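Chains as they are written, first to last, in this note's numbering: chain A, 30 to 588; chain B, 4 to 133. What follows is a short report on a single structure.
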Amino acid sequence: MYGWQGKVLRVDLSKGLIKRENIPETYQSYLGGRGLATKIFSEEVDPSINPLSEENKIVLATGPLTGTGASSGCICSIVTKSPLTNTITCGQAKMYFGAEIKAAGYDLIIIEGKSNSPVMLSIQDENIELLPADYLWGETTLNTENAIRLAISDPWKARETRILSIGPAGERAEPISTIITDGLPVKNGVGIGAIFGIKGLKAIAIRGTRDIDLAYGKGFIEAVSSSIDTLKESETSKEFSDFGTYLLLEPLVKIGALGYENFSRATPETVFSLSAKVFKKEIWKRNRGCFSCPIACLKQTKLGFFPEIDEFISLGPLCDIINPQVTLDAYRICIEYGLDAVEIGATMACAMQLQEYLTFGKTQAFLETIKASGRGEEIAGILNKGALYLARHFKSEDIFLGVKGRSIPPFDPRIIQGIGLQYATSNFGATHLTGFTLIEELKDPSSIKGKAKLVRDYQDRTAILESMGICPYAQFFLPLTIFIEMLNQATGLDFKEEKILKMGEDIYHIERLFNTNAGIKNEDGLPPKMLRQPVNGMISKLDKMLKEYYELRGLGGEE
Amino acid sequence: MYRIKIDHNKCTGCRHCEVACSLNRLATAVNPKRARIRVIQEGDRFFPVISGPFTDASCNIKVDIKFGNHVYDQCDLCRAVCPHKSMLFKEPDDEKPIQCDFCGIDAPGPSCVRWCTSGALTLIEVPSYY
């Protein structure tokens, strides 16, 4: 078997059993990663369960290109049922974790059951152990990583061990908790931390030394080399390396698409002081790349990673904080306690708008509240269940801006039409990460012509890239064909673009079916505020796009 | 004479050089643990280290290297294949030492340099003294 390792690790935490199985036979029709994990998860888990019950499972899956050195091939998808949205969800662990799973000789890790006491899963090739983790319980994610590394006697092996861990928020099974690996939160990981916490799994530490076999080494080298040559020549990829996702900041501010003060006002001029060039000069120390990523869009600061643009705006302008240092501090706290930055930002913005506990723009109270909610003090009971819970608690549900229980990311769907459709139709609740149409839409944000097709294409392409194990950001610089070429060279099989895109669509439909069976029906929409209350004279024209979108997807309206 | 110049200020820690090296060496398999260049992380800095000579005993001089305000262990930058660095630059199964052979010196350049997009690894020509 080439590209794949062909092994699945099944860990039953209830019985403490660890089994090594062969990869399911359907692997070629779903590739791996998000696709295969979704398929396995939807087959093994009853959609109607309570996400925090023992029956829920976690599937960590790498794709056939993860860890092989394919450009940006670093993704490990984590599929589970989210307590925040009650839908299926899929997070992307970046950095080195996915590559290390592959190097240890596995494609998938399935975690099921529930441990009575805190445990840690330690994997060293064939040596797999469930170790007691009482001494780690209650520690922040950074302390956990350090403590696990210190416990390994050989310092050189400790350095190569990659760790995925939850913070105190995850331990308390709070719906807005996420998972951290190498100091970087799992993208789209809101809610997954709670499942780790309820299962008593504090961390996964992994180190592998196995080969990943490729079918045609020479062809694979050529395919990757050609992608690197394309990147070296492309201007946008250089800009993306320099400024990361902040490439979008200035254009977004210019068209007024940043959510300011919980989308209650148009963006004022003070926000113009935020500029990627200033960040680069004053805060960023160097670019950081995930495993085998030639783009390296992450930014290192003195205090760990700099937030990406969605997290930055959520912890910044959305709460009227126009100070990158404060946002960076807040982000650091989120990472330490394992909180999802976008969701906690949106929740606090709601609290600020209601004038409960917080007010817009007060930095000291803002930082203290994040810390308090991370530590699990009294306020956490309200904040850490997400913005919808908070809005209901104060009996003003209209203040919650989200879809399927999850807050919308801070890009205004009234200004940028297509992203609104993406929020509405995403299977994981409102997120831009499964269909990142923003860059393409900047040319013509207000039009709705062709947006349904654009959103569908992005959703399918993202799904398939995550199934291969490629970071979805790579699609802005490299065509899908180059990745299919890498896939064919690595696996020795013959995939065609058409068939691959069909797989992307299949994945979307499996996820959607799971949600329907879980009782999530007729929830493709946007908050009423986005449809009725104009900003700069614009509202979201969702209905028209949604109709077109359903036709494209063959859904025939809502069932 | 050609040499590989390493600028660790530019290294992003993507470890694409390790992949390139192992792929070049193993032909039909990838395994960064068997690469002849390894990227060593110390705090938020990355040091690409190319494997050097084999020694059967570790040295007893310990030198600290200071960059800015941070003091680094010399072993982080040392190229030797020595017993102190348990598995670095050794085959994971039989612990045989592996050494950089400056592959493909002509047209495409060493594979690690070829795949480095950040500019941390470059091939430079230096005057020959020998």
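All residues carry an ideal CB built from backbone N, CA and C; glycine is no exception. All of these numbers come straight from a predicted model, not from anything done at the bench.
Residue pairing from DSSP places A:I192 in a beta bridge opposite A:A234. Taking the CA atoms as reference points, B:K88 sits about 21 angstroms from B:K69. The beta carbon of A:A252 lies closer than 6 angstroms to those of E514, M515 and Q518 in the same chain, with the five residues before and after it left out. Within 9 angstroms of the CB of B:K88, the CB atoms of chain A belong to W185, in sequence order along the chain.
In this chain, B:K8 is not harboured by any alpha helix (DSSP H); it is covered by the beta strand (DSSP E) spanning Y5 to I9. Going by beta carbons, A:L368 and A:I177 fall outside the 8 angstroms limit. For secondary structure counted as the alpha helix (DSSP H) over 4 or more consecutive residues, the region 490-526 of chain A holds these complete runs in sequence order: 509-520. By the C-beta criterion, the region 345-359 of chain A is judged not to be in contact with the region 314-322 of chain A, since fewer than 3 inter-stretch pairs fall below 8 angstroms. Segment contact: the region 266-282 of chain A against the region 530-550 of chain A, fewer than three CB-CB distances shorter than 8 angstroms; contact not assigned. Taking each of A:V148, A:N172, A:T173 and A:I444 in turn and checking the Cα distance to A:P161, the smallest one comes out for A:V148. If you draw a straight line from the Cα of A:I208 to the Cα of A:S254, it comes to about 33 angstroms.
At a cut-off of 8 angstroms between C-beta atoms, A:N316 counts as an interface residue with respect to chain B. Residue state for B:D76 is assigned as strand, using DSSP reduced to three classes. Under the Cβ criterion of 8 angstroms, B:R82 is not counted among the residues facing chain A. Nearest in C-alpha terms to A:V37, of all of A:M30, A:K472 and A:P53, is A:P53. Rounded to the nearest whole angstrom, the CA to CA distance from A:A232 to A:R191 is 10 angstroms.
Using a Cβ distance threshold of 8 angstroms, A:E129 and A:G237 count as a contacting pair. Here the region 24-42 of chain B lies against the region 94-104 of chain B, with 3 or more beta-carbon pairs under 8 angstroms apart. Of all residues in the region 132-164 of chain A, only A132 come within less than 8 angstroms of chain B when Cβ atoms are compared, listed by chain position. In the structure shown, A:S475 falls within a coil segment according to DSSP collapsed to helix, strand and coil.
Secondary structure remark: continuous alpha helix (DSSP H) runs of at least 4 residues inside the region 352-423 of chain A, in chain order: 353-366, 370-382, 392-404, 409-412 and 416-422. Under the three-state reduction of DSSP output, A:S151 falls in the strand class.
Counted as a single uninterrupted DSSP element, the beta strand (DSSP E) harbouring A:T109 occupies residues C105 to K110.
Between the alpha carbons of A:L383 and A:L417 lies a distance of about 13 angstroms. Look at the beta carbons and you see the region 70-82 of chain A not touching the region 98-105 of chain A: under three pairs across the two are nearer than 8 angstroms. Taking a beta-carbon distance threshold of 8 angstroms, B:N34 counts as an interface residue toward chain A.
For the region 4-21 of chain B, the residues whose beta carbon sits under 9 angstroms from a beta carbon of chain A are, in order, N12, K13, C14, T15, G16, C17, R18, H19 and E21. Identification of residues in the region 312-339 of chain A having a C-beta nearer than 9 angstroms to some C-beta of chain B yields K314, R315, N316, R317, G318, C319, F320, S321, C322, P323, I324, A325, L327, Q329, T330, K331 and G333, given in sequence order.
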